[in-house]
Amino acid sequence: MTAKPELRERAWRALEAAGAARFPGARGRIPNFVGAEAAAKRLAEIEPFRSARVLKCNPDSPQRPVRHAALKAGKVVLMAVPKLAERALFLRLDPDRIDDLWKASSIKGAGRVGERITEREAGVVDLVVTGCVAVAPDGARLGKGGGYSDLEYALLRELELVDADTPIVTTVHDCQVRPAGAIPMDAHDISLDLYCTPERTVRCDRAYRRPRGVDLDRLDRATIEAIPVLAERFEG
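Start counting the sequence shown at 0; every next residue gets the next number (numbering that gives the first Met the number 0).
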């Protein structure tokens, strides 16, 4: 099985070779891709997006059309603050309190109009939208290596604001799709229920268990100290 860093490189190279990587480039991030709007439109037209009232969405550029679609549909969007660097982990975007939904769907716009809340104030989350560097039809996903999406899910899971059946979805370019079994998954990794590309919707096999909470033992001291909500636990 190929190591995660090499899989990321392959996905970034594939996007670049296809001319599908958008500014500011693919490498080192959840890559913005040509067709992100079409993939978001596809996601917005199906379950479980349509029935969700509250969704947690990653703050990365390729999922901005997803956040905008959710706000337009009257859904509350929770966005994690970058790198979980604040004690209030999420920005809560309520479309009923926002004038310009498109601006609010950006990272900068959300920071201006979003209500800062802790994980305990988030309430029940009906849908999780996560950013991915690569995905597979068995539900495996690969992030950019920070582990923040996994931590956000684990924190909400401990509070029973998500559970094992809460749908987790994403939008990607077809260049980011790998065969089933190609992406290694660890016990702390979250898996996908479905992903949308600009051309297709794929419902995943859900071959992997999801974490039930935060495993502090796998995190180094520097990571814990950089995330206030984890630093509090370590000190306690």
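Just so it is clear, CB atoms sit at the ideal spot from N, CA and C, and this is done for glycine as well.
All values reported here derive from a predicted model rather than from experimental measurement.
Residues bridged to residue i by DSSP?
i      : result
Ile167 : Val127
Phe89  : Ala79 and Ile116
Val53  : Val75
Arg156 : None, per the DSSP bridge assignment.
Phe237 : Nothing about residue 237 can be reported from this structure: the residues present for the chain run from 0 to 235 only.
Classify residue i as buried or exposed, calling it buried when 16 or more other Cβ atoms lie within 10 Å of its own Cβ.
i      : result
Glu118 : buried
Arg232 : exposed
Phe22  : exposed
Thr1   : exposed
Leu215 : exposed
Pro178 : exposed
Ser190 : buried
Pro183 : exposed
Ala186 : exposed
Need the endpoints of the beta strand (DSSP E) that residue i sits in, please.
i      : result
Pro201 : Sequence inspection shows Val at residue 201; the Pro mentioned does not correspond to that position. Note, Val201: beta strand (DSSP E), Thr200 to Arg202.
Val176 : Unbroken run through Val176: none, as it is neither H nor E.
How far does the alpha helix (DSSP H) with residue i in it extend, from its first residue to its last?
i      : result
Tyr194 : Element bounds for Tyr194: not the alpha helix (DSSP H) but the beta strand (DSSP E), Leu193 to Cys195.
Thr222 : Arg220 to Ala225
Ala17  : Premise fails: Ala17 is in no alpha helix (DSSP H) and is neither H nor E.
Lys143 : No alpha helix (DSSP H) contains Lys143, which DSSP labels as neither H nor E.
Ala43  : Ala35 to Ala43
Leu100 : Leu100 to Ala103
Just verifying my parser: in three-state terms, what is the DSSP assignment at residue i?
i      : result
Val134 : strand
Ala206 : coil
His187 : coil
Ile106 : helix
Val214 : Reading the sequence as shown, one finds Asp at residue 214 and not Val. Looking at Asp214 - three-state DSSP - the assignment turns out to be coil, as it is neither helix nor strand.
Val65  : helix
Glu231 : helix
Glu5   : helix
Asp95  : helix
Ala10  : helix
Asp149 : helix
Asp111 : The question names Asp, yet the displayed sequence has Arg at residue 111. Here Arg111 sits in helix by DSSP.
Does the pairing of the stretch 121 to 136 with the stretch 102 to 110 give three or more beta-carbon distances under 8 Å? no
Under 8 Å: do the stretch 193 to 213 and the stretch 19 to 39 share three or more Cβ pairs, one atom per stretch? yes
Measuring CB atoms only, is the stretch 149 to 165 touching the stretch 131 to 139, in the sense that at least three cross pairs come out at less than 8 Å? no
Answer yes if the stretch 57 to 70 comes into contact with the stretch 88 to 100, meaning at least three C-beta pairs across the two stretches below 8 Å, and no otherwise. yes
Counting pairs of Cβ atoms below 8 Å between the stretch 6 to 23 and the stretch 40 to 54, do you hit three or more? no
Contact between the stretch 167 to 178 and the stretch 7 to 14 is defined here as three or more beta-carbon pairs at a separation below 8 Å; is this criterion met? yes
Pair every Cβ in the stretch 49 to 63 with every Cβ in the stretch 197 to 209, then say whether three or more of these pairs are closer than 8 Å. no
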